[in-house]
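Per this note's numbering, residue 3 is the first one in the sequence shown, and the count goes up by one each step. Where a beta carbon is used, it is the ideal one built from N, C-alpha and C, also for glycine.
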Amino acid sequence: MDRTFDLVIQGPDLTASALPQAALELSAERVPAGPGALRLRAVDPARARALLPGLDALGLDAALVPSGLLLTDFRVAASDFDSTLCAEETLDQVARREGYGEEVARVTERAMRGEIRNYSESLRERIRLIAGCPERAFTDYAAGLRYNPGAETLMAAFRAAGLRRYIVSAGFDQIMEAGARHFAAEGWRCNRLEVKDGVLTGRVSGPQENGGEIIDGEGKRRMVEQLCRDAGASPKQLITLGDGWNDVPMLRFAGLGVAYHAKPRVRAQVPLQVNHLGLDSVLSWFEDGERWRQAALAGG
């Protein structure tokens, strides 16, 4: 039997009357799927995909997902950190606070847009720019991190549903440790700043789990593949989240990869997207998502 698909459409105070007629015609069965979310059951996938750009232009998030999708189908969740869980690009913010100018931010933006294909070299360039920065600048900044809307609810729902949760980032231990602690994650994989006498030397390396190589896009894919093996899970049981070009390999590797408020080139590569709402809107894609949302809100 061929697999069927549902279209989940979300927006602030969304009701069926606010949907375009073409969307209403996709399915006679429209059911609530969460706050401001409607599930159109058993839609024609080709017709649904054709409507996605128009729904996006209306400020609505829409996802074409397999019918009967359950959060408990998954065992591992791995998320990028900067601009995904965290509301900022942390390296840029530390550099700005320490008076290193706009050079770092410009290199970061070019890398995230995919204009610099060698991510490792772009990271080395940025770290060279802040040689001499005190390590405490990173640990002090980590104490006041701002998180994206819905991040806490989504990660708590993952926890309630029994998923192992990890941060996989091209950032650094000084910040990722604080993020993992905040979300009660099982762990993190990230790069490492070389520090001597309390200041950055301008050199950076990757974690042992990546053979000491800097975590770039392929490094992220290798890390999530390893996390699946450690959990005895298949890629189909993996959820990944990210926003930048270096997230694309791990987003495409996973059974469910989510592009969150992503750059245009990323959105062109990753079908499942959240472009307008918070991270917890992902929960509406799952038939049991509201159960785990409520568990998260109740602290379960």
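- If you compare the alpha carbons of S85, I169 and A139 with that of P151, the shortest gap goes to S85.
- Around the C-beta of N193, 16 or more other C-beta atoms lie within 10 Å, and the residue is accordingly described as buried.
- Nearest neighbour of E90 by Cα position, chosen from G246, A59 and R167, turns out to be G246.
- Distances from the CA of L156 to each of A186, D175 and S171 were compared; the closest alpha carbon is that of A186.
- Bridge partners of I241 according to DSSP: A79 and L258.
- In this structure the segment 276-286 does not touch the segment 138-146; the number of beta carbon pairs closer than 8 angstroms is below three.
- A Cβ-Cβ distance of about 16 angstroms is found for the pair I216 and T92, leaving them out of contact under the 8 angstroms criterion.
- Secondary structure note for D94: its alpha helix (DSSP H) is the uninterrupted segment T92 to R99.
- For I129, the three-state secondary structure derived from DSSP is helix.
- Counting C-beta pairs closer than 8 angstroms gives three or more between the segment 64-80 and the segment 284-291, which meets the contact rule.
- At a Cβ-Cβ threshold of 7 angstroms, K265 and R115 count as neighbours.
- A check of alpha carbon separations from V197 across T17, E31 and I129 identifies I129 as the nearest.
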